[in-house]
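Working notes, structure below.
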Amino acid sequence: ESLVHMRNLRYLHSIGYTGEDVILAHCIWIDDDEIRILADTGTHAVHCPSSNMKLASGIARIDEMLAAGCRVALGLDGAHNHMDALVELRQAGILQKVRTNRPTALSPLQALEMATLGGARALGQEDELGSLEPGKKADLAVINPDRLNMAPRIGRDPVAQVVYQATHENVEATMVDGVYDSDPKINPQAKKYDKISIQEVVDKKLAAMDLTASIMCLEQKMPMLVFGLEEENSIVNAVHGKFTGTKVTV
150 ESLVHMRNLR YLHSIGYTGE DVILAHCIWI DDDEIRILAD TGTHAVHCPS SNMKLASGIA
210 RIDEMLAAGC RVALGLDGAH NHMDALVELR QAGILQKVRT NRPTALSPLQ ALEMATLGGA
270 RALGQEDELG SLEPGKKADL AVINPDRLNM APRIGRDPVA QVVYQATHEN VEATMVDGVY
330 DSDPKINPQA KKYDKISIQE VVDKKLAAMD LTASIMCLEQ KMPMLVFGLE EENSIVNAVH
390 GKFTGTKVTV
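So for the sequence shown, the numbering used here puts the first residue at 150; every next one is plus one.
If you want it as structure tokens, here you go:
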């Protein structure tokens with residue numbers, strides 16, 4: 150700001166770096182005028198509550214953004230040390246209530262839409278992803294409410310229960326584009342994954358993209374992505390889609 154004498158988002162807007170094809174992460178310290186710019190241009194804001202809390206970055210004005218018509222998605226990054234989307238969903242749902250001192254701020258349905266349709270819109274794939282509708286890809290997670298952490302269920306709002314109570318332990322299965330389960334007996338496509346032992350992972354100096362996700366994959370015998378630690382820029386290339394590593398079922 151000291152260089153261009155403009156607030157960040159106003160400067161980005163002045164050079165044409167706003168619009169429906171632009172995604173801005175965090176968007177914490179923005180004022181009312183910048184919120185209007187986001188809304189008017191259709192620029193996507195991605196809210197990462199756990200990262201913002203851990204780094205003491207501040208709390209984004211999500212309630213005001215949504216009220217103004219901004220497009221907001223739910224995101225997470227490595228700063229919070231977990232890759233649990235349900236944890237992030239809960240953090241988002243609760244944090245706005247603390248910030249505004251209003252228990253009605255950011256309703257469960259608004260939070261869930263940020264995590265689903267909000268992400269699809271940010272990717273420019275709202276017509277294919279983000280909700281269960283005829284013609285869209287069958288992407289879904291099966292959540293089991295019959296666990297103690299989601300009790301009692303009688304007379305409760307199921308959306309609120311997912312937002313505030315569900316964890317990854319409640320997820321029984323996930324489906325991507327109509328395909329689920331990595332067991333070749335159920336899903337013939339699972340045969341494309343190579344079998345590899347934990348020791349081979351160690352011996353070959355391979356690593357998973359995320360430790361928490363790796364542990365979950367090991368426990369659930371799900372496919373995971375590994376890459377060679379000694380390969381130059383392997384992580385950077387993986388993030389940019391230039392290196393896909395090896396999909397394995399352990």
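Here a beta-carbon is modelled for each residue, glycine too, at the ideal position from N, C-alpha and C.
Next on the checklist: What does DSSP give as the partner residue(s) for ALA222 in the beta ladder?
Outcome noted: The count along the sequence shown starts at 1 and reaches residue 222 at position 73. Answer is VAL195.
Item to check | Assigned secondary structure, ALA216 (DSSP; H/G/I helix, E/B strand, else coil) | outcome: Locating residue 216 in the sequence shown gives position 67, where the first residue counts as 1. Looking at ALA216 - three-state DSSP - the assignment turns out to be helix.
Checklist entry - What number of angstroms, rounded off, separates the C-alpha of MET214 from the C-alpha of HIS317? => result As a working note, residue 214 is residue 65 in the sequence shown. As a working note, residue 317 is residue 168 in the sequence shown. Cα-Cα distance, rounded: 28 Å.
Next on the checklist: Looking at VAL308: is its Cβ nearer than 9 Å to the Cβ of ARG239?
Outcome noted: Position 159 of the sequence shown, counted from the start, is the residue given in the question as residue 308. Position 90 of the sequence shown, counted from the start, is the residue given in the question as residue 239. Their beta carbons are not under 9 Å apart, which means VAL308 does not touch ARG239 by this criterion.
Checklist entry - Helix or strand or just coil, what does DSSP make of ILE172? => result Start at 1 with the first residue of the sequence shown, and residue 172 comes out as number 23. It is a strand residue.
Checklist entry - What's the call for LEU258, buried or exposed, on a 16-neighbour Cβ count within 10 Å? => result Here residue 258 corresponds to residue number 109 of the sequence shown, with the count starting at 1. Around the beta carbon of LEU258, a 10 Å sphere encloses fewer than 16 other beta carbons of the protein chains shown; the residue is thus reported as exposed.
Checklist entry - Going by alpha carbons, who is nearest to ASP170 out of LEU225, ALA271, ASP306 and ALA234? => result Taking the sequence shown and counting its residues from 1, one reaches residue 170 at position 21. Comparing C-alpha distances from ASP170 to each of LEU225, ALA271, ASP306 and ALA234 shows the shortest one belongs to ALA271.
Item to check | Cβ neighbours of LEU266 in the same chain (closer than 6 Å, five flanking residues each side left out) | outcome: Sequence index remark: in the sequence shown, residue 266 carries index 117 (1-based). Cβ neighbours of LEU266 within its own chain (closer than 6 Å, five residues either side excluded): GLY279 and SER280.
Item to check | For ILE292 and PRO301, the rounded distance between their alpha carbons | outcome: By one-based count along the sequence shown, residue 301 stands at place 152. By one-based count along the sequence shown, residue 292 stands at place 143. Near 15 Å, if we compare the C-alpha coordinates of ILE292 and PRO301.
Next on the checklist: I'd like to know whether the C-beta atoms of ALA264 and ALA222 end up nearer to each other than 9 Å.
Outcome noted: On the sequence shown, residue 264 is found 115 positions in, with the first residue counted as 1. On the sequence shown, residue 222 is found 73 positions in, with the first residue counted as 1. For the pair ALA264 and ALA222, the CB atoms are nearer than the 9 Å cut-off.
Item to check | SER331 versus ASP181 - alpha carbon distance | outcome: Along the sequence shown, read from residue 1 onward, the residue named residue 331 stands at position 182. Along the sequence shown, read from residue 1 onward, the residue named residue 181 stands at position 32. Confidence is the limiting factor: at SER331 the pLDDT is only 49, short of 50, which leaves the residue's position unreliable and the question unanswerable from this model.
Checklist entry - What's the C-alpha gap between VAL325 and LEU173? => result To locate residue 325, count along the sequence shown from 1; it is residue 176. To locate residue 173, count along the sequence shown from 1; it is residue 24. VAL325 and LEU173 have their alpha carbons spaced roughly 26 Å apart.
Item to check | Burial state of PRO252, where buried means 16 or more other Cβ atoms lie within 10 Å | outcome: Here residue 252 is taken as the residue at index 103 of the sequence shown, counted from 1. PRO252 should be labelled exposed.
Checklist entry - Looking at the unbroken beta strand (DSSP E) that takes in MET324, where does it start and where does it end? => result As a working mapping, residue 324 is identified with position 175 in the sequence shown. From DSSP, the beta strand (DSSP E) with MET324 extends over 320-325.
Next on the checklist: Using 8 Å for Cβ pairs, my map puts LEU235 next to ALA287. What's the rounded Cβ distance?
Outcome noted: Locating residue 235 in the sequence shown gives position 86, counting from the first residue. Locating residue 287 in the sequence shown gives position 138, counting from the first residue. Taking 8 Å as the upper bound for CB-CB distance, LEU235 and ALA287 are not in contact here, some 20 Å apart.
Item to check | Residues near CYS176 in its chain [Cβ-Cβ closer than 6 Å; skip 5 each side] | outcome: Within the sequence shown, residue 176 is the residue found at index 27, counting from 1. Contacts found: ALA194 and ALA209.
Next on the checklist: Tell me the rounded alpha-carbon separation between ILE303 and PRO294.
Outcome noted: Position 154 of the sequence shown, counting from 1, holds the residue named residue 303. Position 145 of the sequence shown, counting from 1, holds the residue named residue 294. ILE303 and PRO294: Cα-Cα distance of roughly 11 Å.
Item to check | Rounded distance between the beta-carbons of THR167 and ILE186, thought under 8 Å | outcome: The residue given as residue 186 occupies position 37 in the sequence shown. The residue given as residue 167 occupies position 18 in the sequence shown. Rounded to whole angstroms, the Cβ separation of ILE186 and THR167 is 6 Å, and the two are in contact under 8 Å.
Next on the checklist: What does DSSP give as the partner residue(s) for ILE292 in the beta ladder?
Outcome noted: By 1-based counting over the sequence shown, the position of residue 292 is 143. Bridge partners of ILE292: VAL320.
Checklist entry - When you compare only the Cα positions, how much space is there between HIS154 and TYR160? => result The residue given as residue 154 occupies position 5 in the sequence shown. The residue given as residue 160 occupies position 11 in the sequence shown. Cα-Cα distance, rounded: 9 Å.
Item to check | Where ASN319 falls, given that 16 or more other Cβ within 10 Å makes a residue buried | outcome: In the sequence shown, counting from the first residue as 1, residue 319 sits at position 170. Counting Cβ neighbours within 10 Å, ASN319 comes out buried, since at least 16 surround it.
Checklist entry - By Cβ distance below 7 Å, which residues in the same chain neighbour ASP359 in space, the five residues on each side in sequence not counted? => result Indexing the sequence shown from 1 puts residue 359 at position 210. Confidence at ASP359 is low in this model, with a pLDDT of 42, below 50, so the placement of that residue is unreliable and no value is reported for it.
Checklist entry - For ALA205, does the count of other Cβ atoms within 10 angstroms reach 16, so buried, or fall short, so exposed? => result Residue numbering aside, residue 205 sits at position 56 when the sequence shown is read from its first letter. Exposed, because fewer than 16 other Cβ atoms sit within 10 Å of the Cβ of ALA205.
Checklist entry - SER163 by DSSP, collapsed to three states: which one? => result As a working note, residue 163 is residue 14 in the sequence shown. SER163 carries a helical assignment under DSSP once its states are collapsed to helix, strand and coil.
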